[in-house]
Amino acid sequence: MSQTTLDRFRHSLAAWEAGPLRKSLERLPERSPSFITASSEPVARLYTPVDVDGIDPVDDIGLPGVYPYTRGAHPTLHRSKLWTMRMFAGFGTAEETNARFRYLLNQGQTGLSVAFDLPTLYGYDSDAPETLGEFGKCGVAICSLADMEALLDGLPLDQVTTSMTINSPAAIIWAMYIAAAEKRGIPLAKLGGTLQNDILKEYIAQKEFIFPPRPSMRLVTDTIEFGAREMPLWNTVSISGYHIREAGATAAQELAFTLADGFEYVRWAIARGLDVDAFAPRLSFFFNAHNDFFEEIAKYRAARRIWAREMRHTFGAKNERSWLMRTHAQTAGVSLTAQQPEINVVRVALQAMAAVLGGTQSLHTNSLDEALALPSERSVQIALRTQQIIAHESGVTNTVDPLGGSYFVEALTTRMEQDAYRMFGEIEALGGVLPAIEHGYFQREIADSAARYQHEIEQKRRIIVGVNDFTEAAPVRVPLLKMDRDGERRQFERLARVKRERDNGAVQSRLAALRAGAQGSANLMPFLLDAVNAYATLQEMMDVLRGVFGVYQEPVIL
Amino acid sequence: MTETKKIRVLIAKPGLDGHDRGAKVVARALRDAGMEVIYTGLRQTPEMIVEAALQEDVDCIGLSILSNAHGALFPRIVELLTGEGRNDILLFAGGIFPDEDVPEIKRLGFRGVFGPGSDTRDIAAFIRTEIAARGPVRG
């Protein structure tokens with residue numbers, strides 16, 4: 001906007017404030033002295049050209065599919081290709097989860113996403129005493145290649161991509177996936193998918209760490225290196241803000257901490273000797289889609305812009321694919337209410353709409369019953385249908401970045417970006433991401449935000465429908481998922497059979513080779529593939545690594 | 559008799575579940591409400607929790623679990639407390655529980671079960687009421 005036009009606008013704004021606005025406020029005061037986002041950030045009454053003065057329409061906003069990607073990852077975005085509808089699923093045995101995957105594909109899902117149970121996430125076999133009560137509760141149990149084969153049985157791995165939410169044991173689970181696909185004749189180079197493999201956010205938020213940060217980072221770097229060499233279609237790390245947000249972070253903290261983690265992986269891979277353009281195009285992201293519609297949209301837009309700038313200017317990437325942030329999104333689990341569960345469908349729809357308008361490449365929508373249990377088949381179907389309605393009925397996919405140029409959204413995008421740089425500075429001042437983890441910086445910041453959010457709800461500064469207002473006296477019940485109670489016994493049997501029937505000599509020698517590899521500095525992926533192919537179990541491999549790397553104890557931060 | 563000693567509460571995370579947002583929010587709120595709060599941190603076995611409770615001489619234990627492993631872990635913790643003759647310690651649970659599991663959790667001796675959306679002031683009031691009904695705080 002030219003300076004003359006902006007001056008004219010300022011005059012009309014001043015007149016509006018002195019006249020119509022003042023009169024209106026006298027007659028009808030606002031509902032609250034101040035308004036805040038879901039992250040407790042102030043929101044002004046009105047955003048105008050004055051608020052976007054200084055935001056450059058070319059350098060800051062630009063066009064979709066080109067640097068700095070604020071308006072989207074692709075020139076035509078959802079007009080050409082809808083996001084991948086990828087429902088995170090997993091429970092009980094590999095067979096039960098395989099059946100859920102087949103159901104979801106039949107219902108129109110376009111990608112797979114595996115949830116593993118807690119023993120698997122912590123690198124234990126199903127029969128380990130540490131795992132009392134946890135078998136199959138939060139996901140599927142995978143102890144060996146035999147379980148992975150059953151999980152993937154009959155699924156079109158050469159046609160759909162698979163995302164796997166696994167972190168500390170990510171390299172091992174990936175090796176199992178690769179081995180299972182290879183046994184079916186699908187070569188590595190044809191396999192597409194995503195490994196979450198984001199250990200930094202485990203220390204920060206989700207807490208499924210096992211080894212200390214540095215050996216963990218070495219393992220992640222091994223997978224980045226292996227992927228860059230062997231698996232051009234695989235996203236080796238899904239740098240995740242989702243869990244940081246769920247743990248209580250604000251939108252800006254989610255943005256800043258996630259990108260700081262992303263840059264840390266880039267630094268480690270460069271330090272390994274890799275060319276940034278050899279691996280950066282296969283780094284992907286995963287953000288939360290929370291309640292505050294515009295704040296979420298601004299977050300995705302700011303994330304793309306910061307990533308592009310830093311990859312290009314700080315890390316010297318030359319390939320545009322290295323600048324381009326691609327992301328998955330999931331609606332906010334923490335926003336679901338156990339009271340009046342059916343109304344969660346509406347929350348999820350609004351959150352999903354924000355992710356779509358924010359330009360996501362992939363989306364999971366939560367089910368209405370997830371504040372009570374894992375979702376039933378029926379509730380998952382409704383969640384998937386929600387995405388299909390947004391895609392095919394709402395009209396929001398007809399044009400690229402329809403909110404681009406909105407005074408509010410552009411101002412919010414820039415504010416979010418500035419907040420992120422302020423936090424990058426704080427992390428830098430502590431010596432970087434790993435020292436900040438060890439100092440408890442992230443954990444303390446997140447706990448503070450979580451406590452403030454709870455306080456706002458209890459003070460009714462924030463209304464949560466069905467929780468602190470519009471409540472119902474009688475509880476609303478919904479039918480919940482029932483798991484096969486016999487699954488655990490069958491899992492124990494398969495594990496025992498695997499250990500009985502495999503060549504135990506080969507297992508021992510490959511585990512010994514893994515140990516020697518871990519003590520040295522070689523890339524561990526080939527050692528893990530060898531051990532997996534001999535049907536070594538997850539825990540056997542993880543115990544070797546626990547022995548070499550040690551186990552991390554986090555500082556307890558309240 | 560007036561309450562001369564602060565109520566001592568152990569907030570514990572049994573099992574492998576890493577979701578500690580709720581545990582930390584409740585721990586802070588109870589501290590702000592004037593109680594002495596000890597937080598165990600993550601990945602506590604039933605044995606570790608009971609040992610911490612005895613060592614810290616707490617009046618109350620709050621167990622936070624969102625992984626649905628309560629069916630195995632809660633009975634074990636109650637069994638260990640019974641073995642130590644410490645059924646006098648007030649128990650409450652927080653986290654994600656299917657409705658149909660709540661009667662069984664209460665039957666085990668948990669006096670309060672707090673799901674998502676609970677108000678921390680209700681939890682503090684619950685603890686005060688229950689402890690008051692048990693007579694003076696141990697000291």
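Residue numbers (the numbering used here), protein chains in the order written: chain V, 1 to 558; chain Z, 559 to 697.
In this text, a Cβ means the ideal position worked out from N, Cα and C, and glycines have one as well.
Quantities reported herein were computed from a predicted structural model and do not represent experimental measurements.
| Asked | Found |
| --- | --- |
| Give the straight-line distance between the Cα atoms of residue 664 (chain Z) and residue 403 (chain V), rounded to the nearest whole angstrom. | 51 Å |
| Using a Cβ-Cβ distance under 7 Å, would residue 697 (chain Z) count as near chain V? | Residue confidence for residue 697 (chain Z) is low, a pLDDT of 49 falling below 50, so the modelled location carries little weight and cannot support an answer. |
| From which residue to which residue does the beta strand (DSSP E) around residue 286 (chain V) run? | 283-289 |
| Give me the subset of the region 236-260 of chain V whose CB atoms are less than 8 Å from a CB atom of chain Z, sorted by chain position. | 246, 247 and 248 |
| Rounded to a whole number of angstroms, what is the C-alpha to C-alpha distance between residue 677 (chain Z) and residue 622 (chain Z)? | 15 Å |
| How would you label residue 459 (chain V), buried or exposed, when you count the other beta carbons within 10 angstroms and need 16 or more for buried? | exposed |
| Which of the three DSSP states is assigned to residue 421 (chain V) in this structure? | helix |
| Near residue 688 (chain Z), what residues of its chain come up, given a Cβ to Cβ distance below 6 Å and the 5 sequence neighbours on each side ignored? | 648 and 669 |
| Along chain V, in chain order, which residues have C-beta atoms closer than 9 Å to that of residue 621 (chain Z)? | What residue 621 (chain Z) touches in chain V: nothing, since even the nearest Cβ is about 12 Å away. |
| Would you kindly work out how many angstroms separate the C-alpha atoms of residue 107 (chain V) and residue 381 (chain V), rounded to a whole number? | 7 Å |
| Find the residues of chain Z that neighbour residue 143 (chain V), judging by a C-beta separation of less than 9 Å, and give them in chain order. | Those do not exist, as residue 143 (chain V) stays about 15 Å from chain Z at its closest Cβ, beyond 9 Å. |
| Determine the closest residue to residue 335 (chain V) out of V:491, V:96 and V:465, with distance taken between C-alpha atoms. | V:465 |
| What span of residues does the beta strand (DSSP E) with residue 463 (chain V) cover, start to end? | Where residue 463 (chain V) is concerned, there is no enclosing beta strand (DSSP E), given that its DSSP letter is neither H nor E. |
| When the Cα of residue 546 (chain V) is compared with those of V:285, V:194, V:199 and V:211, which residue comes out closest? | V:211 |
| For residue 585 (chain Z), return the contacting residues in chain V, with the cut-off set at a CB-CB distance below 7 Å. | 558 |
| Nearest chain V C-beta to residue 579 (chain Z) closer than 7 Å, yes or no? | yes |
| Here's the rule: buried if 16 or more other CB atoms are within 10 angstroms of the residue's CB, otherwise exposed. What is residue 389 (chain V)? | exposed |
| With a floor of 4 residues, list each alpha helix (DSSP H) that falls wholly inside the region 94-131 of chain V, ordered by position along the chain. | 94-106 and 118-121 |
| Just to check my reading of the structure: residue 165 (chain V) and residue 116 (chain V) have Cβ atoms closer than 8 Å, yes? What is that Cβ distance to the nearest angstrom? | 7 Å |
| May I ask you to list, following chain order, the residues of the region 636-662 of chain Z that have a beta carbon less than 7 Å from some beta carbon of chain V? | 654, 656 and 657 |
| Which residues in chain V have a C-beta closer than 7 Å to the C-beta of residue 667 (chain Z)? List them in chain order. | Neighbours of residue 667 (chain Z) on chain V: none; closest Cβ ~18 Å, over 7 Å. |
| May I ask you to report which of helix, strand or coil DSSP gives residue 382 (chain V)? | helix |
| Ignore the nearest five residues each way along the sequence and tell me which others in residue 697 (chain Z)'s own chain have a CB closer than 6 Å to its CB. | No answer about residue 697 (chain Z) holds up, because its pLDDT of 49 lies below 50 and its placement is not dependable. |
| Please report the residue range of the alpha helix (DSSP H) in which residue 360 (chain V) lies. | Taken as a continuous stretch (DSSP letters only), residue 360 (chain V) belongs to no alpha helix (DSSP H), as it is neither H nor E. |
| Taking DSSP's pairing of strands, which residues face residue 234 (chain V) in a bridge? | V:193 |
| Can you tell me the Cα-Cα spacing of residue 589 (chain Z) and residue 377 (chain V), whole angstroms? | 41 Å |
| So residue 630 (chain Z) contacts chain V; which residues on that side make the cut at Cβ distance below 7 Å? | 132 and 133 |
| Enumerate in chain order the residues of its own chain whose CB-to-CB distance from residue 286 (chain V) is below 6 Å, with the five nearest sequence positions on each side excluded. | 238, 240, 242 and 328 |
| Excluding the five sequence neighbours on either side, which residues of its own chain have a C-beta within less than 7 Å of the C-beta of residue 361 (chain V), listed in chain order? | 73, 83, 84, 326, 327 and 328 |
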